[in-house]
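Q:
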Amino acid sequence: MPEITYRQALRQALRYQLQHDERVFLMGEDIGAYGGSYAVTKGFLEEFGERRVKDTPISESVVVGAGIGAAMAGLKPMVELMTINFSLLAIDQIVNNASKLYYMSNGQINVPIVIRMAGGAGSQLGAQHSQSLESWYAHVPGLKVVVPATPYDAKGLLMTAFDDQNPVIFIEHTALYTSKGDVPEEPYRLPFGKAEIFREGTDVTLIGYSGSLHQAARAAEQLALEGISCEVLNLRTLRPLDTEAILASVRKTNRAIVVEDDWEFGGFGGEIAAIIQEWAFDDLDAPVLRCSGADVPMPYNGALEQAALPQEADIIRMVRGMV
Amino acid sequence: MPEITYRQALRQALRYQLQHDERVFLMGEDIGAYGGSYAVTKGFLEEFGERRVKDTPISESVVVGAGIGAAMAGLKPMVELMTINFSLLAIDQIVNNASKLYYMSNGQINVPIVIRMAGGAGSQLGAQHSQSLESWYAHVPGLKVVVPATPYDAKGLLMTAFDDQNPVIFIEHTALYTSKGDVPEEPYRLPFGKAEIFREGTDVTLIGYSGSLHQAARAAEQLALEGISCEVLNLRTLRPLDTEAILASVRKTNRAIVVEDDWEFGGFGGEIAAIIQEWAFDDLDAPVLRCSGADVPMPYNGALEQAALPQEADIIRMVRGMV
Amino acid sequence: MTSITQHDAPRGASDGPPDRVALLRTMMLIRRFEEKCAEMYAKGRIKGFLHLYIGQEAVATGAIAALRPDDYIVSHYREHGHALARGLEPRRIMAELYGRATGVSGGRGGSMHLFDREKSFMGGYAIVAGHMPLACGLALAEQYKGSDRVAVNFFGDGAVNEGEFHEALNLAAVWKLPVVFIVENNLYGMGTAIRRVSAVEEIYKRAQAYGIHAEQVDGMNVVAVRDAVARLSKRARAGDGPVFLEALCYRFRGHSMADAEFYRSKDEVERWRTLDPIKQLQHALTADGVIDAARIAALQAEVDEIARDAAQFAEESPAPPIESLHRFVYKEAADA
Amino acid sequence: MTSITQHDAPRGASDGPPDRVALLRTMMLIRRFEEKCAEMYAKGRIKGFLHLYIGQEAVATGAIAALRPDDYIVSHYREHGHALARGLEPRRIMAELYGRATGVSGGRGGSMHLFDREKSFMGGYAIVAGHMPLACGLALAEQYKGSDRVAVNFFGDGAVNEGEFHEALNLAAVWKLPVVFIVENNLYGMGTAIRRVSAVEEIYKRAQAYGIHAEQVDGMNVVAVRDAVARLSKRARAGDGPVFLEALCYRFRGHSMADAEFYRSKDEVERWRTLDPIKQLQHALTADGVIDAARIAALQAEVDEIARDAAQFAEESPAPPIESLHRFVYKEAADA
Ligand SMILES: Cc1ncc(C[n+]2csc(CCOP(=O)(O)OP(=O)(O)O)c2C)c(N)n1
Ligand SMILES: Cc1ncc(C[n+]2csc(CCOP(=O)(O)OP(=O)(O)O)c2C)c(N)n1
Ligand SMILES: [Mg+2]
Ligand SMILES: [Mg+2]
C-alpha cells in the first residue's frame, strides 16, 4: 500500500466522487482558484471545471443553505467551510434545517450533504481560529459527525460520507494534513459507528479521535516501556458512537481515559464517561478520567497554547495515577 | 412575601435596573411596541422611552454584536433574543467575540452584557422552536449560563447578572412564565455557582434546573408516598456549576439522576454524571442516570412531544429501579 | 458514472393562467379554510403557533397561478395560503394542523412546517429568512441539472434585515440562479413597523442594489400579482437570473393568535379591509357580468363545505403512533 | 441612580491633520515594520498567521490621521498598519507578534488580535465581518452617552458578502449611528476576485442602497484618503448618521505568508506596484521641493531603527508565565 498524506487521502476520495457521480459537486470559499485553504482541492477547478467546483462568496450561511437546498433536490453537494470556527455562521442552517428536514417532512425530504471543515488547534492561530466544537454537532440528532485520525480513516470515511443519505459533518484536524500513512489506491469505505482498536492493551483504555488519538498512542508507547499496557481506541465517528467497542474495551481493562483537544466542561468526553459509568459500572476499578483542553479561550503564545492542550505527559501522569 | 409570576419577577429585576443604572438599556425584537414576545418588557417602552428600550430589526447577529460593542464602551446592555433557537444566528458573536474579548485583550476589555432568551419545549411549537441548547453555552469558557427555575430564582439571578462583569447567557423557560412563587418586593441577589437544595432527601439525588426541576420535584413527592426519599437539587447556574453541592448530596444519598429537557447524547447531563463518577466514585451505589429528552427533532403532535420530553413517570420508574 | 436523474413532480407546463373565477375560488377557499382554523384553534383542536394569512390571499393565489406545477415553492411559517394555492389537499393540511398521522407532514410538522414533495412544495419554515438559502440551493440544483424549473421563495418584510436575505440575494445574482423572490410586505414584522427597522422602506429597491430585476405590485390585486409573476418567472426560467417582486399587502388578523395588536390602530386595519382582495375581485367580476350574487353564494357554499370536510377529516384521523417517535431521524440506505 | 461616566482616552480634538511629511513617515514606518515582520516570520520568530498590509499603507495612514485620538478603531486581522497609524508602540506590537508578555495583548492575541484600550484601538478580529457589529455597538454607546466620538470600522472587500455587513449597515442607518465604515477594496478576498463573488463590484454603491452617504477614493493616495475621511467623519460626528468610504487599493504581498498567489498574474502585481503609495508621495514631495533624497534617506534610517529596535525589544522580552494561562477568562468584581 502506498504511503500518502491525510490531505492526499482526502483528495483521492473527492476526486473519485467527482469522477463517478455527476450529482456530486463542491462549493466553498477559495476551494478553486486559490486551491483550498488547506490545499485539499488544489487543481480540482482546472480538472473538473466551474460547474463541479464552485468558489463562493464569503457567506457561510447561504453557502451551506444552498448546499442543503441542492441536496433536497437530489444532488450530493460537498460544502467546505475552511474551519469549524466559521461554521458558527452557518450553524443555524445545519441545526435548524439540515438536521431536521427529514423528520419535519415525515420522511419526504432527506438531505445528503457532506460539510467538511478543519478543527483543532496547535499552530498558534489564536482564540478565534483554534476551536474544537465537534461536541456541539455530536449533540444534534439528524447529523452524523466524522472525525478521521489517519490518512486511511480520511479516505475511507469520506467515501462513506458520500454514500450516506443524511447530513454529514466531516471534521478534519489542521495538524494532520501532512501526516502520513498507508492507504489503498482503490476506493474503499469505512463504516460509521465502528471504532478501531488502534493498539491492543490490557491495563487502561485510552479513547481518542482525530488529533487526540495520536497523543494517546504516543503516551501508550511510552507507558509500554514502563510495563503499563494501554489499549488505544480510535472512535472515527462521534455520532453514531461505537458504544459497544468502548464498553468491550473497558470491560477488559477496567479503566478508561478520554483524550480530547476540546474544553473539558460540557464536552464530548463527559458523554463517554457518562456512558461508561452507566453501562460498565461494576467493571470500573477507577473513575473514568478526561485529559482535555484547558478551560480558556486559546492563547496565541506557543507555550501557553501547548499548556492549554492535552499533552502526552499529562496522559502518562494520569495513567500512572490510575494503575 | 407577595406571590407573583416568573414573568413578573423578571420584570421587577429589569425595571429596577432601568431605574437605578443609566448604563442599562434593553434591545431586542418586539420588546417595545409589541410588548415582548413573552410580555416580559410590556409597558417598558412607554415608561422608559426609546433611548432605554430599543426595538430592533430582525437581525440577531448585529443586535447581539452591537450589545457587545456597547458593553465594551462601558454600558450594560440587556439583549433579548426571544428564543434560544434564534440565538444560533448570533452565536458567532457570543462565542467568538463576547466570550473571548477579555482574554484576547489581556484583560483590557470586558463585556458586561446580559443576553436573555427563552428555551425549552412543551407547547407544540415544532422542531425549529423547541430546543434546549443551554449545554452548548455552558461549554464555553468566558460565558456564564443562568437557568432560573422559579420566580424567586428569576428575580434574584437576573439582578446578579447585571452586577456581573462578564457576558451572561440568561435562559428562561417558555413553560414557566406563568408559574407562581413568593418573591420579596425589595431587590435581592442570588449568587452564581450556588445550587439550592429544593427538597431534602436521603435515598436518591435528583438534579434539575429550569423546567426540569419541577418534574423532578413532582416525582419526589410521588415517591415520598412510597417511602422513597429524594433530595432535589436546583442548579440555578450551569456555568459556574456548584460541583460541591452536587457531590455533597451524592455523598449522602449515594445515587443520582439528572433530569433535563435537552437531548441526552452530548448534553449537560453527561457532564454532571462525569463529574460525579470522577469525584464521588466510591460513594456511588449505582451509576448516575440521565432522564433526558428523546434523541429526535421535536415533533409537533402533542403526544409525541410529551413522549420526547422527560416525564414524572420516567423519573419515578428510574428511581424505583435504582433503590 | 452515476448521472443525474429527475426526482420530482412531472414536468409538463401548466395549462395557462387560470381565469379570474378560478382565482376568486382559491382566495375564497384560503379565507374560509383559515377562518375554520381560527375556530378550531379557539376550541383547542389546533395547538402551537397559528399564523393566519387572511388579507394576503391575493399574493399566494396570483403568484402560484402563474407558475408551473413543478416549480419549487419554499415558504415561511405563514404558509397555509401558499399550500392551498399549490393544490395541497385541504384535508391533509387541516390534519397537519391537528397533528394527525394523515397530515401532509404526518403530524410532525404542524402549521409552520407543511411539506408535500410530490407537489414540489418544499416546506414552510419557522426561522425568519432561514429558508432563503434553501430556495437558492433548489434553484442551483435545477440550473446544474439543466432543467428550466424555478424556485419561488415567499418571505415577509421582516426577513429583509436578516443577514441571510443579503447572502441569498447576492449569491443568486452572482450565479444567475433561477429564483423568484417574493416578499409579502404587510408593513409589519410581528409588531414592528417596517419604517422603524429598515433603512430603505421600498424593499424592491434593495433587491435592485444587487443588480436583480425587481418590481413592486399591488398585493391586494390578484390579477396584478399573477401577471407580474408570469412576466418575472419567465425571465428566471429563461436563465436571466433571479427576479424579485415586492407585493404590498396587509394581514387583517394578528401576527399569531396571541397578538393583542398594540402596535397598530383599528382605523388602519379598517382602511385596509376596504381593499380586501376577495371583495375587490368579486366586485370586478360582477361589474363585468362574469358572475352574479348567486354564483358567489355557490362558490361560498363550495368552500364552506371543503373547510368543514377538512376539519371533520382531521377530527376523525388517527394520531401518529407513539412508537413512530424515532422514525425519520435518519434515512437508512434501506428506505427508498 | 448610577449615571454614565466616560472611560476611555482624553477627548481633546486632534491637533489638525498632520502634514504630508508626517504621513510619509507613518507609511514608511508601516512598510519597514512589516518587512521586519516578514523577515522574523521567515526566521520562525513569529508564528501563526501573518497578514501583511504592504501596499495598503495609504488607507490606514490617511484615514487615522483625519480622526481624533479618542475615536474608536475596530479593524480586522490585517491590522498592523492601523495599529501603527494610531500610535500603538512598535515595540509592543512586535512583542505581541512574538507572543511576549510585553505585547499589546500580553502575547495572548497575536498578529490578528492587537488591542490597546488606552488608545481607543478596540482590536483586530479574525472572523470576517464579525467585528462590524462591534463598531455599531461602540458607536451606539457614544450616541447613548451623548458624546461626539465616532467608531471607525476597517474591513475588506471580502467582508461585503457576509450577512453581518448587511445587518450592520442597516442598523447603523436606521439608528443614525456615528460609524465610519471604511472598506479596503484590494480586489481580492484571499484568492477570490471580487468580481467573481459580488453582484455589484462598486462597493460604495451597496452602502448607498441603505441610504448611507458613501464615496469612493484612491486608496493609493494618502492625502486623498485623509481628506475624504476628514470630510466624512465630520458628518458622522455631527450626528448625520453613518458614512461609508471605499478605498481602492492593492496588497503587494500574498494574503498570508502561505499564499502561492495562483489567482493573480505577476503583471497585475507589477502594474499596481508602480502606484506604490509611498513612492507616489515621495515623488510629489520631492517635486514640490518639500523634501529631498537626503531627507528621505534620513526618514528611512529612522524607521529602520524603529523596526530594528522593536524586534530587539521583542526578542529580549519575557514570555507570559505559564501560570497566567487561566487569567482573564472572567473579570471578577475585584479586578478594577
Ligand atoms: C431568526 C428569527 N428571529 C425571530 C423570529 C420570531 N419571529 C417570528 S415571525 C417574526 C416576524 C416576521 O415578520 P415578517 O417577515 O414581516 O413576516 P409576517 O409575519 O409579517 O408574515 C418574528 C420576529 C423567528 N421566527 N426567527
Ligand atoms: C467568517 C470567516 N470566513 C472565512 C474566513 C477565512 N478568511 C480569512 S481572511 C479571508 C479573506 C478576506 O478578504 P477581505 O475581506 O477582502 O480582506 P483582505 O484579506 O483582502 O484584507 C477569508 C475568507 C474567516 N476568517 N472568517
Ligand atoms: Mg410582515
Ligand atoms: Mg480584500
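So the sequence lines, in the order shown, correspond to chains A, B, C and D.
Going letter by letter, the first sequence gives residues 0 to 322 in numbering that gives the first Met the number 0.
Going letter by letter, the second sequence gives residues 0 to 322 in numbering that gives the first Met the number 0.
Going letter by letter, the third sequence gives residues 0 to 335 in numbering that gives the first Met the number 0.
Going letter by letter, the fourth sequence gives residues 0 to 335 in numbering that gives the first Met the number 0.
C-beta: ideal position from N, C-alpha, C; glycine also.
1. Are Thr25(D) and Ala65(D) closer than 7 Å when you measure CB to CB?
2. Is the beta carbon of Glu123(C) within less than 6 Å of some heavy atom of ligand 3?
3. Go to Gln215(C), then tell me how far its beta strand (DSSP E) extends in each direction, as first and last residue.
4. What residues match up with Leu247(D) in a beta bridge as DSSP calls it?
5. Select from the segment 127 to 143 of chain B all residues with a C-beta closer than 9 Å to any C-beta belonging to chain A, and list them in chain order.
6. What three-state label does DSSP hand His19(B) in the structure shown?
7. When we look at the beta-carbon of Ile321(D) and count the other beta-carbons within 10 Å, is it buried (16 or more) or exposed?
8. Does at least one heavy atom of ligand 2 sit under 6 Å from the Cβ of Met189(D)?
9. Measure from the alpha carbon of Glu33(D) to the alpha carbon of each residue in Met256(D), Ala286(D) and Tyr187(D), then state which is nearest.
10. For Lys46(C), count neighbouring C-beta atoms within 10 Å of its own C-beta (all shown protein chains included) and say buried if the count is 16 or more, exposed if not.
11. Does the beta carbon of Asp20(A) come closer than 7 Å to any beta carbon on chain C?
12. I'd like to know whether the C-beta atoms of Ala255(A) and Val231(A) end up nearer to each other than 7 Å.
13. What in chain B is Cβ-close to Lys330(D), meaning under 7 Å?
14. Does Ile202(C) come within less than 7 Å of chain B when only Cβ atoms are used?
15. Count the other CB atoms within 10 Å of the CB of Thr177(B); is the residue buried (16 or more) or exposed (fewer)?
16. Below 6 Å, is the gap between the Cβ of Asn184(C) and the nearest heavy atom of ligand 5?
17. Any beta carbon of chain C sitting closer than 7 Å to that of Tyr208(B)?
18. Spatial neighbours of Gly61(D) within its chain, please: C-beta separation below 6 Å, excluding the five flanking residues on both sides.
19. Using a Cβ-Cβ distance cut-off of 7 Å, determine whether Ala213(D) contacts chain C.
20. Given a cut-off of 7 Å, decide if Gly269(B) and Glu263(A) are closer than it, judged by their beta-carbon atoms.
21. Over what stretch of residues does the alpha helix (DSSP H) that includes Ile63(D) continue unbroken?
22. Does the structure place the segment 58 to 77 of chain B close enough to the segment 89 to 109 of chain B that three or more beta carbon pairs sit under 8 Å?
23. Using 10 angstroms around the beta-carbon of Tyr187(A), count the other beta-carbons present and answer buried if the total reaches 16, otherwise exposed.
24. Taking only the alpha-carbon atoms, compute the straight-line gap between Asp347(C) and Ala296(C) and give it to the nearest angstrom.
25. Can you tell me whether DSSP reads Ile315(B) as helix, strand or coil?
26. Please return the same chain residues whose Cβ sits closer than 7 Å to the Cβ of Ser228(A), not counting the five positions on each side in sequence.
27. Excluding the 5 residues flanking Gln299(C) on each side, which residues of the same chain have their C-beta closer than 7 Å to its C-beta?
28. Is the distance from the Cβ of Pro276(C) to the Cβ of Glu56(C) below 7 Å?
29. When the Cα of Leu189(B) is compared with those of Pro56(B), Ala272(B), Met317(B) and Thr149(B), which residue comes out closest?
30. Counting only beta-carbon separations shorter than 7 Å, does Leu74(B) have a partner in chain D?
31. Just confirm the distance between the C-beta atoms of Ala126(A) and Met297(A), as a whole number of angstroms; I'd bet it's less than 8 Å.
32. Give the interface partners of Phe24(A) over in chain C, defined as CB-CB distance under 8 Å, in chain order.
33. Does the CB of Asn233(B) have a neighbour CB from chain C at under 7 Å?
34. Hey, would you say the C-beta of Asp156(D) is under 6 Å away from at least one heavy atom of ligand 4?
35. Quickly, what does DSSP pair Asn95(A) with across the bridge? List them, please.
36. Just confirm the distance between the C-beta atoms of Gly102(D) and Met111(D), as a whole number of angstroms; I'd bet it's less than 8 Å.
A: Short version:
1. The count along the fourth sequence starts at 1 and reaches residue 25(D) at position 26. The count along the fourth sequence starts at 1 and reaches residue 65(D) at position 66. No, the pair does not count as a contact, with Cβ atoms beyond the cut-off.
2. The count along the third sequence starts at 1 and reaches residue 123(C) at position 124. For the record, residue 123(C) in the displayed sequence is Gly; it is not Glu. Gly123(C) Cβ: outside cutoff for every heavy atom of ligand 3.
3. Taking the first residue of the third sequence as 1, we reach residue 215(C) at position 216. That run of the beta strand (DSSP E) goes His212 to Asp217.
4. Position 248 of the fourth sequence, counted from the start, is the residue given in the question as residue 247(D). In DSSP, Leu247(D) forms a bridge with Asn184(D) and Asp217(D).
5. Gln127, Gln130, Leu132, Ser134, Trp135, Tyr136, Ala137, His138, Val139, Pro140 and Gly141
6. Within the second sequence, the letter at position 20 stands for residue 19(B). Three-state result, His19(B): helix.
7. Translated into the one-based positions of the fourth sequence, residue 321(D) becomes position 322. Looking at its Cβ environment, which holds fewer than 16 other Cβ atoms inside 10 Å, Ile321(D) is exposed.
8. Mapped onto the fourth sequence, residue 189(D) falls at position 190. Yes, ligand 2 has a heavy atom inside 6 Å of this Cβ.
9. In the fourth sequence, counting from the first residue as 1, residue 33(D) sits at position 34. Here the closest residue by C-alpha is Met256(D).
10. Residue mapping note: residue 46(C) aligns to position 47 of the third sequence, counting from 1. Flag for Lys46(C) reads buried.
11. One-based indexing of the first sequence puts residue 20(A) at position 21. Yes - at least one Cβ of chain C is within 7 Å of the one on Asp20(A).
12. Against the first sequence, residue 255(A) aligns to sequence position 256. Against the first sequence, residue 231(A) aligns to sequence position 232. Their beta carbons are not under 7 Å apart, which means Ala255(A) does not touch Val231(A) by this criterion.
13. Taking the first residue of the fourth sequence as position 1, residue 330(D) is located at position 331. Within 7 Å Cβ-Cβ: Tyr101, Asn109, Gln164 and Asn165.
14. In the third sequence, residue 202(C) corresponds to position 203, counting from 1. By this cut-off, Ile202(C) is not an interface position.
15. Counting from 1 along the second sequence, the entry for residue 177(B) is found at position 178. The residue is exposed, with fewer than 16 neighbouring Cβ atoms inside 10 Å.
16. Among the ligands present in this structure, namely ligand 1, ligand 2, ligand 3 and ligand 4, ligand 5 is not found.
17. Position 209 of the second sequence, counted from the start, is the residue given in the question as residue 208(B). Closer than 7 Å: no.
18. One-based indexing of the fourth sequence puts residue 61(D) at position 62. Counting only Cβ-Cβ distances below 6 Å, and skipping sequence neighbours, we find Val221, Val224 and Arg225.
19. Working through the fourth sequence from its first residue, we reach residue 213(D) at position 214. No - not a single Cβ of chain C is within 7 Å of the one on Ala213(D).
20. Your numbering for residue 263(A) matches position 264 in the first sequence. Your numbering for residue 269(B) matches position 270 in the second sequence. No, they are not a contact pair.
21. In the fourth sequence, the residue the question calls residue 63(D) occupies position 64. Unbroken alpha helix (DSSP H) run through Ile63(D): Glu56 to Ala64.
22. yes
23. As a working mapping, residue 187(A) is identified with position 188 in the first sequence. Tyr187(A) comes out exposed.
24. Within the shown structure, residues of chain C are numbered from 0 to 335, placing residue 347(C) beyond reach of any answer.
25. The count along the second sequence starts at 1 and reaches residue 315(B) at position 316. It is helical.
26. Against the first sequence, residue 228(A) aligns to sequence position 229. These residues qualify, in order along the chain: Gly200, Thr201 and Asp202.
27. If you number the third sequence from 1, residue 299(C) lands on position 300. Same-chain partners within the cutoff: Met27.
28. On the third sequence, residue 276(C) is found 277 positions in, with the first residue counted as 1. On the third sequence, residue 56(C) is found 57 positions in, with the first residue counted as 1. Closer than 7 Å, so yes.
29. On the second sequence, residue 189(B) is found 190 positions in, with the first residue counted as 1. Comparing Cα positions, the closest option is Thr149(B).
30. Numbered from 1 along the second sequence, position 75 holds the residue referred to as residue 74(B). Output row for Leu74(B): interface = yes.
31. In the first sequence, counting from the first residue as 1, residue 126(A) sits at position 127. In the first sequence, counting from the first residue as 1, residue 297(A) sits at position 298. Ala126(A) to Met297(A), Cβ: 5 Å. Contact.
32. The count along the first sequence starts at 1 and reaches residue 24(A) at position 25. Going along chain C in sequence order, the residues near Phe24(A) (Cβ under 8 Å) are Tyr143.
33. Sequence index remark: in the second sequence, residue 233(B) carries index 234 (1-based). No - not a single Cβ of chain C is within 7 Å of the one on Asn233(B).
34. As a first step, residue 156(D) must be located in the fourth sequence, where it is residue number 157. Because some heavy atom of ligand 4 lies under 6 Å away, the Cβ of Asp156(D) counts as near it: yes.
35. Within the first sequence, numbered from 1, the residue matching residue 95(A) stands at position 96. Per DSSP, none; premise fails for Asn95(A).
36. On the fourth sequence, position 103 is the one that residue 102(D) refers to. On the fourth sequence, position 112 is the one that residue 111(D) refers to. No, Gly102(D) and Met111(D) are not in contact; Cβ-Cβ is about 13 Å, not under 8 Å.
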